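Right, one structure below, let's go through it.
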Amino acid sequence: MLQLDFHPTGRHFLQIPGPSPVPDRILRAMSLPTIDHRGPEFGGLGLKVLSGIQKIFQTRHPVAIYPASGTGAWEAALSNTLSAGDHVLMFETGHFASLWQKMATRLGISTEFLAWEGKDEHLPLAGGWRRGVQADLIEARLRKDTERKIKAVCVVHNETSTGVTSDIAAVRKAIDAAGHPALLMVDSISGLASADFRHDEWGVDVTISGSQKGLMLPPGISFNALSPRALEASKKATLPRAFWAWDEIVEMNKDGYWPYTPNTNLLYGLSEAIDMLLAEGLENVFARHQRWGAGVRAAVNAWGLPIQCADPAVYSPVLTGVITPEGVDADAVRRLIHQRFDLSLGTGLGKLKGRMFRMGHLGDSNDLTLIAMVAGVEMGLKLSGVALAGSGVQASMDYFASHAAPAALKKAA
Ligand SMILES: Cc1ncc(COP(=O)(O)O)c(C=O)c1O
Numbered sequence: 002m003l004q005l006d007f008h009p010t011g012r013h014f015l016q017i018p019g020p021s022p023v024p025d026r027i028l029r030a031m032s033l034p035t036i037d038h039r040g041p042e043f044g045g046l047g048l049k050v051l052s053g054i055q056k057i058f059q060t061r062h063p064v065a066i067y068p069a070s071g072t073g074a075w076e077a078a079l080s081n082t083l084s085a086g087d088h089v090l091m092f093e094t095g096h097f098a099s100l101w102q103k104m105a106t107r108l109g110i111s112t113e114f115l116a117w118e119g120k121d122e123h124l125p126l127a128g129g130w131r132r133g134v135q136a137d138l139i140e141a142r143l144r145k146d147t148e149r150k151i152k153a154v155c156v157v158h159n160e161t162s163t164g165v166t167s168d169i170a171a172v173r174k175a176i177d178a179a180g181h182p183a184l185l186m187v188d189s190i191s192g193l194a195s196a197d198f199r200h201d202e203w204g205v206d207v208t209i210s211g212s213q214k215g216l217m218l219p220p221g222i223s224f225n226a227l228s229p230r231a232l233e234a235s236k237k238a239t240l241p242r243a244f245w246a247w248d249e250i251v252e253m254n255k256d257g258y259w260p261y262t263p264n265t266n267l268l269y270g271l272s273e274a275i276d277m278l279l280a281e282g283l284e285n286v287f288a289r290h291q292r293w294g295a296g297v298r299a300a301v302n303a304w305g306l307p308i309q310c311a312d313p314a315v316y317s318p319v320l321t322g323v324i325t326p327e328g329v330d331a332d333a334v335r336r337l338i339h340q341r342f343d344l345s346l347g348t349g350l351g352k353l354k355g356r357m358f359r360m361g362h363l364g365d366s367n368d369l370t371l372i373a374m375v376a377g378v379e380m381g382l383k384l385s386g387v388a389l390a391g392s393g394v395q396a397s398m399d400y401f402a403s404h405a406a407p408a409a410l411k412k413a414a
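Below you can see the structure in the form of C-alpha cells.
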C-alpha cells in the first residue's frame, strides 16, 4: 500500500533510468510563481528555452516543446510527417522500439520491424533486445525498395529497456548509401543530454525527446527537433493532428509563445537545466555519463552477472541492465532492495520482465551516490541468495578512485 505519510530518513535513491534525480537548483527554479503565459515576461522565457534547447539537440532548426510525456512526442513525430497507409521501417531494439511500432500501427501506418537474427547466450528469447540497430540491414532493405515506398526509418537512440545505444550516424550513412529519400526519425528520449547526440550533423529529420532523463527535470515536457525536410514533409502529410501540429507551434514560438497553455514551471526548470548543461559543456556531460557507466559496469562484472547489452561497443552511458541468474525473479530482488534500502531500480520491461533489472546512472548523481546504489544492489542480491563472484562495491570504488573525474581534477588545480 502507498504510504504517503511515511518518509524514511535521508534521500530516496531514485536509480531508475528516468525520471532521474532532479538537482535542487532546478527544483528551486521551478518553485517560482507561475506567470501569465500571454504576458510580456513569458516571451523572454520562451525565447530563452527555445534557443537554448537547440544547443542541446545540436541543431539550428526549430524544436517543438510539448506539455506532454515522451509518448506524445512520438505521436507528434509520426502524425506530422506521415499519411495513412504510409510504409515505415523500424528496428526492434527493445520494449520502447516495440511500443513506438505499435503506436504507428494504431495510427494507420504500415510498419516493417527489422530485428537482429542471432542466437542469444543468456536470454534465448531476447532476440535483438541485447543489441543496437544494425545499419547494414537497414541499408540492404532500403536498396530493395526501388519504388521508394518506405517513407521513414524510425530508430531508438538509447533503448532504455535494455541499456543499449545505437549508432545514429551509421543509420544516416546507410540511408545515404542506399540513395533513399526516407526521413530519419530518432527517439532520443533517454539519450539526449547524457549520450552524444547531434541532430544536424547526423542528418536526423525528427528527434523525439523528453524532460525526465538527461535533462534532469521532472516528467511533463517532450520535444520534436525538426529538419527542413521534416517541415516540408509535414505540409503534405495527412494524418489527423491538431494539438501536435508543428505549423502553429513553430509560428507562435517565433515570439516565445505557444498556441495553448505551456508548462510554465517546467520551462523555468528547463531554462535552469540548459544553463547547467551548457556551463558544464556537452562534451563533459557525455564524458561524465560514460565514466559513470563504466564504474557501474565494473561492479556488475565483479559480481559475475551478465550485462543486458551484449555488445560492449554500444553500452549505454545512461543505464546498465543486469540479468539475474535463472530462477531468480529480478522483480523480487528489486522489491526487497526497495523495502530494505529505499532504493528504486528499473524493472524488466516486456519480454524481459522478471529476468533483469536496470540501474540508472543519470541525473543528479555523483561517484558516491552511484557507489551507494551498487552497495544497495549488492546487499539485495546477497539477501536474495544470489551467489556473487566478488564485490561490486570494491570494483566500483576502484574504478572511480583510479579514473578521476575531469571536473574534480580541475577544481584541485
Ligand atoms: C526510449 C524511450 N522511448 C519512449 C518512452 C516513453 O516516454 P514517456 O514514458 O515519457 O511517455 C520512454 C520512457 O521511458 C523511453 O525511455
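Sequential numbering from 2 applies to the sequence shown in the numbering used here. Ideal placement from N, C-alpha and C gives every residue a C-beta, glycine not left out. These numbers were taken from a predicted model, which means no experiment stands behind them.
request  = May I ask which residues mark the beginning and end of the beta strand (DSSP E) holding Val154?
outcome  = Val154 -> beta strand (DSSP E) spans 151–157.
ask   = According to the neighbour-count rule (16 or more other Cβ atoms, all chains shown, within 10 Å of its Cβ), is Thr163 buried or exposed?
value = That one is buried.
ask   = Which two residues bound the contiguous alpha helix (DSSP H) that contains Asp188?
value = That residue, Asp188, is in no alpha helix (DSSP H); its beta strand (DSSP E) goes 184–188.
ask   = Thr262: buried (16+ other C-beta within 10 angstroms of its C-beta) or exposed?
value = With fewer than 16 other Cβ atoms within 10 Å, it is exposed.
ask   = Where Pro260 and Glu76 are concerned, what is the direct C-alpha to C-alpha distance, given to the nearest angstrom?
value = Cα to Cα, the separation comes out at about 18 Å.
query = Any idea what DSSP makes of Gln135, helix, strand or coil?
reply = Assignment of Gln135 by DSSP, reduced to helix, strand and coil, places it in the coil class.
request  = State whether the region 135–148 contacts the region 68–82, with contact taken as three or more CB pairs (one from each stretch) at a distance under 8 Å.
outcome  = In short, these stretches do not touch, since the Cβ pair count stays below three.
Minimum C-alpha distance to Ala179 - residue among Ser195, Ile151, Gly294, Cys310 = Just measuring C-alpha positions, the residue of Ser195, Ile151, Gly294, Cys310 sitting nearest Ala179 is Ile151.
inquiry  = On a Cα-Cα basis, can you pick out the residue from Met31, Pro229, Asn302 that is closest to Gly221?
reply    = Distance from the Cα of Gly221 is smallest, within the candidate group Met31, Pro229, Asn302, for Met31.
inquiry  = Run through the DSSP bridge pairs and tell me what Ile209 is partnered with.
reply    = The partner list for Ile209 (beta bridge, DSSP) reads Asp188, Asn225.
inquiry  = For Gln55 and Val207, I'd like the C-alpha separation in whole angstroms.
reply    = Answer to the nearest angstrom: the Cα atoms are 13 Å apart.
key: The beta strand (DSSP E) enclosing Gln16, as first and last residue numbers   = Its beta strand (DSSP E) spans residues 14–16.
inquiry  = Pull the bridge partners of Ile308 from the DSSP assignment, please.
reply    = DSSP, once it has assigned bridges, lists Val323 as partnering Ile308.
ask   = Which class does Phe43 belong to by DSSP, given the choice of helix, strand or coil?
value = In the three-state DSSP reduction, Phe43 falls in the helix class (H, G or I).
message = What would DSSP say about Phe401, mapped onto helix, strand or coil?
response = Correct three-state label for Phe401: helix.
message = The alpha helix (DSSP H) that contains His88, what's its start and end?
response = According to the DSSP assignment, His88 belongs to no alpha helix (DSSP H) but to the beta strand (DSSP E) extending over 88–92.
task = Using only the heavy atoms of ligand 1, determine whether one of them is closer than 8 Å to the beta carbon of Thr166.
result = If you check the C-beta of Thr166 against ligand 1, you find no heavy atom less than 8 Å away.
query = To which residues of the same chain is His88 closer than 8 Å at the C-beta, ignoring the five residues directly before and after it?
reply = Only Ile110, Ser111, Thr112, Glu113, Lys150, Ile151, Lys152 meet the Cβ criterion.
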